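Peer 1: If you want the numbering used here, it's the position in the sequence shown, counting the first as 1, plus 1188.
Have a look at the structure that comes next, please.
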Amino acid sequence: MAGCAGRAASPAFYDTHAHFFTADTQHYPLDAKGAREGEGTLIERVRAHPNDAARVLHEWRAHHVKGGVGVQYASAYKRDNRYLLEVHAQHPRDIAAVVILDPLADDTPATLARMTAHAGIAGIRLTGTASAEGDFPWINSSKADRCWDAARDLGLVVVIMALPAAMSDKQLSAVAAVADRYPDVPIVLDHIGWALGPAPDYGLDIIARVLAGRRNVFFKFTTINIDMLEKQGGDSAAYLRRAVDLLGAGRMMWGSDFGNTAGPYAEMIAAIQRAGVQLTPAERRMVFRHTGLRLFRGRHRRGRR
């Protein structure tokens, strides 16, 4: 295990996971069906406490966050990406955009091409549940390959989040299969694939066994991971130390989940700083900022605006 070097003073961050929504429900109507907190509660929250660009950028600047990624907020808008694209268009240097589309829809490749050409999106997020057979055709199937082909050709990042919030061997196998078929496509596993378990493994060893050898797979460590871990009495610093040992700091990134996870942004920053105390300064720089910045803003991406 690498040495513990203490907490860096005022480190810089790149937030790879923020959700944007506006109180302007006339121009951007809400579709909150199935929202985790309940449809009425989410609608009330959006109207009373919009997480618009002004609010998010204020928090970022106050906490040394040097930009980040807007992830389409499906709880509020499903696959209507218009508000996210507007926020990105207004602040293209500060906010990268990761949209949500149906990977199995016939028009998704053309939509991705249009969004890349005209809006300069950074990636697409695939999300869904297992089929009745326990498979993940929205990740790994001949029909989904058209979406993957488009991501490869356009230079997009593909972010994957399976639901419910539990690790699945079949999901990891599906990710491994597409990672092998599309070695040039950067893949980000949201919430580290929901890895959770007792110390000292914390459920991370299976992630490493299946995916550590696939160098195009990256791992997002979020406030959700920290909250889930702390609720079961776990140590977020030991968890992140284990994740970096198994997967490498250069493949790990941080995301706040601001706009979805409750609580002040300052507490999310404090939580990731606590989690990072066992990392070296160089590892913290990678996890807190550089991995995400390189992946979502890096010059290697071919689909540039």
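Just so it is clear, CB atoms sit at the ideal spot from N, CA and C, and this is done for glycine as well.
Keep in mind the model is a prediction, meaning the values are calculated, not measured.
For my contact list, N1269 and I1288 are in at a C-beta cut-off of 8 Å; report their separation, rounded to the angstrom.
Peer 2: 7 Å between Cβ atoms; contact.
Peer 1: I need the boundaries of the alpha helix (DSSP H) containing I1412, first residue and last residue.
Peer 2: From DSSP, the alpha helix (DSSP H) with I1412 extends over T1411 to K1419.
Peer 1: Per DSSP, L1377 is paired with what?
Peer 2: Answer is I1348 and F1407, bridged to L1377.
Peer 1: Give the straight-line distance between the Cα atoms of R1477 and A1206, rounded to the nearest whole angstrom.
Peer 2: Answer to the nearest angstrom: the Cα atoms are 14 Å apart.
Peer 1: Runs of 4 residues minimum, wholly inside the segment 1310 to 1351: which ones carry the alpha helix (DSSP H) assignment?
Peer 2: With a minimum length of 4 residues, the continuous alpha helix (DSSP H) runs that stay inside the segment 1310 to 1351 are 1333 to 1342.
Peer 1: Looking only at its own chain, which residues have a Cβ that is under 8 Å from the Cβ of K1254, when we skip the five neighbours before and after it?
Peer 2: Within the same chain, K1254 has close Cβ partners A1200, F1201, Y1202, W1248, R1477 and L1481.
Peer 1: Tell me the DSSP secondary structure of H1246 in three-state form.
Peer 2: Looking at H1246 - three-state DSSP - the assignment turns out to be helix.
Peer 1: Label T1296 either buried or exposed according to how many other C-beta atoms from any shown protein chain fall within 10 Å of its C-beta, with 16 as the threshold for buried.
Peer 2: T1296 is buried by the Cβ-count criterion.
Peer 1: Buried or exposed for E1471, please, with buried defined as at least 16 other CB atoms from any protein chain shown within 10 angstroms of its CB.
Peer 2: With 16 or more Cβ atoms within 10 Å of its Cβ, E1471 is classed as buried.
Peer 1: Less than 7 Å between C-beta atoms, sequence neighbours within five positions excluded: which residues of the same chain meet that for I1414?
Peer 2: The residues are S1424, A1459 and A1463.
Peer 1: On the DSSP bridge list, what partners appear for F1209?
Peer 2: Its beta-bridge partners are N1239.
Peer 1: Is it a yes or a no for the segment 1402 to 1416 touching the segment 1380 to 1392, going by three-plus beta-carbon pairs under 8 Å?
Peer 2: Result yes; three or more Cβ-Cβ pairs closer than 8 Å.
Peer 1: Buried or exposed: which applies to G1443, given that a residue is buried once 16 or more other Cβ atoms fall within 10 Å of its Cβ?
Peer 2: When all chains shown are included, G1443 counts as buried.
Peer 1: So, at 7 Å on beta carbons, what are the nonlocal neighbours of T1204 in its own chain, with the 5 sequence-adjacent residues on each side left out?
Peer 2: If we look at T1204 and ignore the five residues flanking it on each side, its Cβ neighbours are G1256, V1257, K1408, M1441, W1442, G1443, G1480 and F1484.
Peer 1: Which term fits H1237, buried or exposed, when burial requires 16 or more other beta carbons within 10 angstroms of its beta carbon?
Peer 2: Exposed: under 16 other Cβ atoms inside 10 Å.
Peer 1: Do you know how far the Cα of G1316 is from the Cα of G1422?
Peer 2: Answer to the nearest angstrom: the Cα atoms are 28 Å apart.
Peer 1: Excluding the 5 residues preceding and the 5 following G1194 in the sequence, name in chain order all residues of the same chain whose CB lies nearer than 7 Å to its CB.
Peer 2: With a pLDDT of 45 at G1194, under the threshold of 50, the predicted position of this residue should be treated as unreliable, though the coordinate-derived value follows. The answer, listed in chain order, is V1465.
Peer 1: Using C-beta distances below 7 Å, list every residue in its chain close to V1244, excluding the 5 sequence neighbours before and after it, in chain order.
Peer 2: Taken in chain order, the residues that qualify are A1206, F1208 and F1446.
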